[in-house]
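See structure below.
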Amino acid sequence: MRILMFGWEFPPHVSGGLGTACFGITKALVALGHRISFVVPGWPGEDFPSHVELISAPAIPMRAENIDAPDIFSGLQIRLINSALRPYLNDGQYEKQRRQSDLPLDEKDWMEKEVSRVFRASGPYGPDLIAEVMRYARAAGVIAADQSFDVIHAHDWMTVFAGLYAKEASGKPLVLHIHSLEFDRSGENVNQDIFYLERCGMVLCDHVIAVSNYTKNLIIKHYGIDPDKISVVHNAVSRREAPRVYHWEKDPDKKVVLFLGRITFQKGPDYFVDAAARVLKEFPEITFVMAGAGDMMSRMIERVAELHIGGNFHFTGFLQAAEVERIFSMSDMYVMPSVSEPFGISSLEAMVYDVPVIISRQSGAAEILDHVLKVDFWDVDEIANKIIAILRHPSLAEEIVERSREQLRSVHWEKAAEKIVAVYRLMLH
Amino acid sequence: MPSICLLFHVNKPRWLKHYTFFDIDHDHVYEDSERNIENLNTSAEKCYLPANRIMLDLIKRYKGDFRVAFSITGVLLDQLEKYRVDVLESFKRLADTGCVEFVGETYYHSLAYLYSVREFREQVMLHGKKIKTLFGQTPRTLRHTELIYNSALAKYAEKMGYHVIVAEGADKILGWRSPNYVYRPSGCKTLKLLLRNHRLSDDIAFHFSDPKWSEHPFAADKYANWIQSMNDTGDVINLFMNYETFGEHQADETGILDFLRRLPREILAHPDFRFQTPLEIAGNCTPADELDVDDYISWADAERDLEARLGNALQKDAIAALYSMESKVRRRKEAIFLHTWRMLQASDHFFYMRTKGLADGDVHKQSNPYGSPYDAYINYMNIIDDFSGYLGKKEVRN
Chain A
890 MRILMFGWEF PPHVSGGLGT ACFGITKALV ALGHRISFVV PGWPGEDFPS
940 HVELISAPAI PMRAENIDAP DIFSGLQIRL INSALRPYLN DGQYEKQRRQ
990 SDLPLDEKDW MEKEVSRVFR ASGPYGPDLI AEVMRYARAA GVIAADQSFD
1040 VIHAHDWMTV FAGLYAKEAS GKPLVLHIHS LEFDRSGENV NQDIFYLERC
1090 GMVLCDHVIA VSNYTKNLII KHYGIDPDKI SVVHNAVSRR EAPRVYHWEK
1140 DPDKKVVLFL GRITFQKGPD YFVDAAARVL KEFPEITFVM AGAGDMMSRM
1190 IERVAELHIG GNFHFTGFLQ AAEVERIFSM SDMYVMPSVS EPFGISSLEA
1240 MVYDVPVIIS RQSGAAEILD HVLKVDFWDV DEIANKIIAI LRHPSLAEEI
1290 VERSREQLRS VHWEKAAEKI VAVYRLMLH
Chain B
18 MPSICLLFHV NKPRWLKHYT FFDIDHDHVY EDSERNIENL NTSAEKCYLP
68 ANRIMLDLIK RYKGDFRVAF SITGVLLDQL EKYRVDVLES FKRLADTGCV
118 EFVGETYYHS LAYLYSVREF REQVMLHGKK IKTLFGQTPR TLRHTELIYN
168 SALAKYAEKM GYHVIVAEGA DKILGWRSPN YVYRPSGCKT LKLLLRNHRL
218 SDDIAFHFSD PKWSEHPFAA DKYANWIQSM NDTGDVINLF MNYETFGEHQ
268 ADETGILDFL RRLPREILAH PDFRFQTPLE IAGNCTPADE LDVDDYISWA
318 DAERDLEARL GNALQKDAIA ALYSMESKVR RRKEAIFLHT WRMLQASDHF
368 FYMRTKGLAD GDVHKQSNPY GSPYDAYINY MNIIDDFSGY LGKKEVRN
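So the protein sequences, as listed, match chains A and B.
Position one of the first sequence corresponds to residue 890 (our numbering), numbered consecutively onward.
Position one of the second sequence corresponds to residue 18 (our numbering), numbered consecutively onward.
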C-alpha cells in the first residue's frame, strides 16, 4: 500500500513522543512492505541525519517545489515543507522562530481570511501559528495532487487541515491518528480553536486511531465522536540496537529517581516535586532529577527552593537523545505522574533500560503494562510510598525489571503497524 | 461400587487495609474490618446460607445417602461467631445430621508447614479444638491449605493421628494411574490418601458458567452421565472445590445452585453409586497402590506446584520476613501478637503477589483487594515492618 503521511516531527528533531511514535510506526509499516511519503514541516538546512539529504528546497506551499529527502530507510521518503511549525510551540516561540527564519509571507492575505473565518484570533497559540497550520495544509494539497497513494494518514491537530486538503485533492480516505488532545495538554483551559480543529478533523476524516482507550474515551466524551469510528492502536518501543554503554555508571549507594518529560501542566511535575520532598524527609540521601524543559520549569525551581530540597533535586534542562540514554542508565526508577497522558512512550523507554517505572493511572500506557507501579497522579503520599518501596526492597525492583523484560517482548511496533494496516483495509475494502 | 466424595473448602480471605510507609509506627491495625464484614455478608447471602439450605434438604431427602464434607478455616469460624451466627447455626444443623464430616486444616489458612512445622502443628491442633467445640467432631482427615502435599507431610499427618489426607490428583504424580482409587502414601502404615479428580471438579468450579466451554450449557443429568460412565473404573470420585463456587464465584443466575440441588438425584438414580465422606471411603477401601511424592504439589495452576504462592522473589521475600519473626513473636507471649502474626500467614496474601501465570486466576480476580501484585507486596511489607517494630516495643497500648 502507498501511504501519504503527515507529521510534525521526525527524528532527530524530537521534542516529544510524537516523533518517536512516527519513527516506529513508519519503520514497521515499511517492514511490512508498504511505501510511505512522510511530509513534515522543517527548515531547509536543518540537520537531518547524514543518511537524509535534502534534494530540493521549498519556498512556500502555493508554489512549492517540495523537498524530497532520500530514504531514511528503504520505502520511506521524507518530504519537508518549509515551515516553523513545531509540535509543542506556543505562540511566542513561534513568532521568534518565524522572524529568525525569514519566512516569506506573500500568502498572508488568503490565510488571514481563511483563519478569521474559522478561528478567533486568540489563545496561547495565536493567529500566526494557526495560519501556519493552514499554510502547511495548502502545501499538503499540492503534494497530494502530484502524488499517487492509496490512503492518507495524518498525526494530531496540526496536520488536520493538511490531511483534509489532501483528501479533497485526491479523494482518498483519511485516517487521523490522535497522539494527544488539547484536553491532555491544557486541562480545563482548553484552547477553543485547537479543540475546534481537532473535532473538525475527527468529524471529517474517515477513521480515527487513538493511542489508548484512555484517549478514545476522551474523544467520545469531549468531542462526541462515534465510538465505532475510533480504533485503538497502542504505541510501542524500539529495541536498542547498541549495547548498554552507561550501565556501569549506576552507583548502588546513590539512588536516583527520575522525572523526564516536558515540564508542563500535563506531565504533573508539581506532584513529582512534592513526592520528592515527602521521600527526602525520610531518606535524605536520595537524588531526584527533573529532566526536560517547559513553561512550568521556573515555578518548579521555586517550589524546590521553597521546600528546601535543592541539595538533592536537580534540573537538567532539555536533553538530547544521547543524554536521555545516559540519564535513564543512571536512574533507579522512573516516575511519570502525568495528569492526562494519552500514552507515555517514555515509560516504555525506561523499561528498555531496566528502570522500574511508576506511572499515573491517568495514562494510556497503564492499560497495557502489568509490571509497573500505578498511582493516581494527585496522590502524592502514594507516589512517595511507592518510590520508598522500590528504594527499600531490592527484590521488588528485580521482579519488576525481570517481568518488564518479558512483557516488552510482546510490545513492538510491528504489532501496532499491523493494526494500522487493518484500519487502512477497512477504509479501502 | 464407586462413591462420590464431596469436599467443600470454606474460607474468606481477610483483606489488609491500604497501608503506606507513612503509617509505619503510627498505626498497628492492619485489617480492613469494614470491608471484611462486607465480604463476609456477601458470601453469607450468596453462598453459605442458600447452599447450606440445599445441603440440609438433600441430606433429609436422601436419608443418609447424601453425605458431604467441609473444611472450614478457623478464621472464618471466628468471623461467623462474631458477625454471622445464622450461618454458623446452619453449619451446626448440618453437623447434627450425622451425614457431614468436618476436615482438619490450619486455623489461619496458612502455609506454615513449609516454614515452621511447630507452627503448623499448633494451628492444626487449634483448628481441631475449634471444630470439636462447635460441631462435636474431632477431625480425622487432613487437608493442607491449597491442597499442598508431599510424602513427608503425609508421614507427619499420620504421626499426628490422622486417618486420611487429601491432595490434588496431579497428573505428574499419578502418571498412568487414576485419581479414582484410594492410595497409600509411601512411608505410611495406616494413612490413606484421597486425590482430587481435577477434571470433574473443575468442570463445576471453573467451567460451569463459561459460555465458551464446549459443554455449555451444562446440566446435572449430563454430569451424572459422565460420572456414571466411570462405573468399574475406580472406587471413588473426589470432587473437591471451594464452597463459594456455589452462588458467589458463579452467581445463582448461572444455575449453579440448581445444579447442586439436582445432582444427587441424577447420580443416585444409578444404584451402584453413593455419596460418602473422606473418612468413610478410607474405612471402606483398601489402597490400590503406594504413591511416593517428593516435590510439593498443590491444586494451583496447570503446573500444580507452589509457584502461584511462593514462586517469585516478592513472595519468597515476604514470607521469609514473616517467619523470621517467629521466635520474637513467641517470646512476647501475648495473644494479640501471636494472633496478628498468624493472621499475616494467610496464603492469600502471597497469592495476591503472583506476577505470572494468571490464566486460572480469573476466579480470584473478583476478590483481589489489590490492583497489582506489586501493590500487594508493598502493602504487606509496610505492615510487616510496622509489626516488627511493634513487637520490639515494651508496652502495648490497645
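By construction, the Cβ of each residue, glycine as well, lies at the ideal position given by its N, Cα and C atoms.
With 16 other Cβ atoms within 10 Å as the buried cut-off, status of residue i
i	result
LYS1105 (chain A)	buried
LYS206 (chain B)	exposed
ARG348 (chain B)	exposed
ILE418 (chain B)	It is not possible to answer for residue 418 (chain B), since the shown part of chain B is limited to 18 through 415.
ASP1117 (chain A)	exposed
GLN1251 (chain A)	buried
GLU1288 (chain A)	buried
ILE41 (chain B)	buried
PRO1283 (chain A)	exposed
SER1073 (chain A)	Contrary to the premise, residue 1073 (chain A) reads as Asp rather than Ser in this sequence. The residue in question, ASP1073 (chain A), is buried, as its Cβ has 16 or more Cβ neighbours within 10 Å.
ARG78 (chain B)	exposed
VAL85 (chain B)	buried
ASP403 (chain B)	buried
Residue from the options with nearest C-alpha to residue i
i	options	result
THR123 (chain B)	B:ARG135, B:CYS116, B:ALA112	B:ARG135
PHE1177 (chain A)	A:VAL1162, A:MET1189, A:MET1186, A:GLY1183	A:VAL1162
GLY145 (chain B)	B:GLU307, B:ILE182, B:LEU159	B:LEU159
VAL1246 (chain A)	A:TRP1267, A:ARG1128, A:TYR1223	A:TYR1223
LYS916 (chain A)	A:PRO900, A:PHE1172, A:ILE1108	A:PRO900
LYS411 (chain B)	B:SER389, B:VAL346, B:ILE182, B:ILE401	B:VAL346
VAL319 (chain B)	B:ASP219, B:ALA268, B:HIS287	Looking at the sequence provided, one finds Ala at residue 319 (chain B) rather than Val. The residue with the shortest Cα to Cα distance from ALA319 (chain B) is B:ASP219.
ALA1164 (chain A)	A:LEU1107, A:TRP1267, A:GLU1174	A:TRP1267
TYR340 (chain B)	B:ILE221, B:PHE137, B:SER133, B:LEU191	B:SER133
LEU93 (chain B)	B:TRP32, B:MET342, B:ASN242	B:TRP32
LEU256 (chain B)	B:TRP230, B:ALA174, B:PHE223	B:PHE223
ILE1276 (chain A)	A:TRP897, A:ARG1167, A:ALA1255, A:HIS1197	A:ARG1167
PRO1231 (chain A)	A:MET1189, A:VAL1040, A:TYR1242, A:ILE1067	A:ILE1067
ASN1 (chain B)	B:ALA187, B:SER364, B:ASP238, B:SER50	The requested residue 1 (chain B) does not occur in the structure, where chain B is confined to residues 18 to 415.
Within chain B, partners of residue i - CB distance below 8 Å
i	result
ALA1034 (chain A)	Those do not exist, as ALA1034 (chain A) stays about 51 Å from chain B at its closest Cβ, beyond 8 Å.
ILE1277 (chain A)	PHE38
ASN1274 (chain A)	THR37, PHE38, PHE39, ILE395, ASN399
Beta-carbon contacts of residue i that lie in its chain and below 7 Å, excluding the five residues immediately before and after
i	result
CYS302 (chain B)	VAL199, ASP252, VAL253
ARG312 (chain B)	The residue asked about is misnamed: residue 312 (chain B) is Asp in this sequence, not Arg. Once the five neighbours on either side are set aside, the close Cβ partners of ASP312 (chain B) are ASN167.
CYS64 (chain B)	TYR260, GLU261, PHE263, GLY264, GLU265
PRO156 (chain B)	PHE119, VAL120, GLY121, GLY145, ILE148
HIS1301 (chain A)	ALA1125
Amino acids of chain A, ordered along the chain, whose beta-carbon sits closer than 8 Å to that of residue i
i	result
TYR47 (chain B)	Residues of chain A passing the Cβ test: none, with the nearest at roughly 16 Å.
GLY388 (chain B)	LYS1263
Cβ-based neighbour list, residue i, same chain, cut-off 8 Å, excluding 5 preceding and 5 following
i	result
LEU73 (chain B)	SER107, ARG110, LEU111, THR114
PHE367 (chain B)	LEU128, ARG326, LEU327, GLN332, ALA335, ILE336
VAL141 (chain B)	GLY121, GLU122, THR123, TYR124, LEU159, MET177
LYS189 (chain B)	ILE314, ARG321
LEU105 (chain B)	LEU94, LEU97, GLU98, LEU151
LEU921 (chain A)	GLU1303, ALA1306, GLU1307, VAL1310
Min CB distance residue i to chain D below 8 Å
i	result
PHE367 (chain B)	Absent from the structure is chain D; the protein chains it does hold are A and B.
6 Å CB neighbourhood of residue i in its chain, flanking five on each side removed
i	result
GLN96 (chain B)	LEU57
PHE152 (chain B)	ALA112, PHE119
TRP1046 (chain A)	ILE1083, LEU1086, GLU1087
ALA241 (chain B)	GLU283, ILE284
ALA393 (chain B)	TYR369, MET370, TYR387
Beta-carbon neighbours of residue i, restricted to chain A and to distances below 9 Å
i	result
LYS373 (chain B)	ARG1292, GLU1295
Chain-ordered neighbours of residue i on chain A, where CB pairs are closer than 7 Å
i	result
TYR391 (chain B)	LEU1262, LEU1285, ILE1289
Interface partners of residue i on chain B, CB under 7 Å
i	result
ASP1082 (chain A)	By Cβ distance, chain B contributes nothing, its closest Cβ being about 38 Å from ASP1082 (chain A), past 7 Å.
GLU1271 (chain A)	THR37
Under 9 Å by beta carbon: chain B residues contacting residue i
i	result
HIS1282 (chain A)	LEU331, ASP334, TYR394, ILE395, MET398
ASP1259 (chain A)	THR372, LEU375, SER389, PRO390
Residue i: CB within 7 Å of a non-hydrogen atom of the ligand GDP
i	result
TYR132 (chain B)	Absent from the structure shown: the ligand GDP. Ligands present: none.
| query | Along the segment 329-341 of chain B, what residues have a CB closer than 8 Å to any CB found in chain A? | reply | ASN329, ALA330, LEU331, LYS333, ASP334
| When Cβ atoms are compared, which residues of the segment 1218-1249 of chain A fall closer than 7 Å to chain B? | none
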